[in-house]
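Quick note: the sequence shown uses the working numbering, first residue 215, plus one each step. From the three backbone atoms N, C-alpha and C, an ideal C-beta is built for every residue, glycine too. Quick caveat, the model's predicted, so the values are computed rather than measured. Each remark here refers to the structure printed beneath this line.
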Amino acid sequence: MSSSGSRYVIIDTSVFLLIRDKYDVLTSLREDLEEHLECATTDSVVRELISTAIRSGEQLILEYLKKIFEKCMIFTLSEDLEREEADHDLLLVAKILDAPLLTLDKDLKREARKERIRMIIYRGSDKRIVSP
């Protein structure tokens with residue numbers, strides 16, 4: 215159990231898209247972290263992934279979405295279901311659950327720090343996640 219009391223890590227689109235580089239965050243959650251955290255994300259992130267897959271024609275992302283649906287808790291928070299901007303939802307879920315956030319997005323990291331949300335870090339040099 216994490217020090218925050220949450221059993222989830224909130225995962226952003228940018229991290230799921232690392233599957234393009236053969237990095238599977240869902241597998242790494244169990245292998246890389248000492249604490250056991252379950253995957254959680256938002257429906258707005260799922261919509262971003264679907265939109266990206268359709269625009270780019272990347273079947274890999276659509277296939278990975280199947281795994282996300284199987285292994286992740288997906289929270290619905292958006293007031294506007296057509297909105298593709300997920301940052302607000304991710305920050306809100308992280309705050310409500312007192313859960314750490316995993317993202318590569320610099321702006322989202324900055325906002326999370328302002329909100330005092332704990333971060334899980336992806337180290338690209340050795341392709342693993344760590345809890346500071």
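Per DSSP, Phe283 forms a beta bridge with which residues?
In the DSSP output, where bridge partners are listed per residue, Phe283 has none listed.
Does DSSP classify Ile331 as helix, strand or coil?
coil
Using beta-carbon positions only, say whether Asp246 and Ile343 come within less than 9 Å of one another.
yes
Out of Val229, Val223, Phe289, state which residue places its alpha-carbon closest to the alpha-carbon of Leu263.
Val229
Inter-stretch contact at 8 Å, needing at least 3 Cβ pairs: the region 254-270 / the region 315-334:
no
Between His250 and Arg244, what straight-line distance do the alpha-carbon atoms span, to the nearest angstrom?
7 Å
Use the C-beta contact count for Met215: other C-beta atoms within 10 angstroms, 16 or more gives buried, fewer gives exposed.
In this prediction, Met215 scores a pLDDT of 35, lower than 50, which makes its location untrustworthy; the coordinate-derived value is nonetheless stated afterwards. Label assigned to Met215: exposed.
Check each candidate in Cys253, Leu274, Leu279, Ala254 and name the one with the smallest Cα separation from Arg261.
Leu279
Measure the alpha-carbon distance for Ser218 versus Ile331 and round it to whole angstroms.
Model confidence at Ser218 stands at a pLDDT of 45, short of 50, so the residue's coordinates are unreliable; what they give is reported in the following sentence. Spanning the two alpha carbons is a distance of roughly 10 Å.
Simplified DSSP assignment, three categories, for Thr255
strand
Own chain partners of Lys341 with C-beta closer than 6 Å, once the 5 adjacent residues on each side are dropped
Tyr237
From the DSSP secondary-structure annotation, give me the bridge partner or partners of Leu316.
Ile225, Ile334
If Val223 and Pro346 are in contact, beta carbons under 8 Å, what's the gap, nearest whole angstrom?
At roughly 13 Å, the Cβ-Cβ gap does not stay under 8 Å, so Val223 and Pro346 are not in contact.
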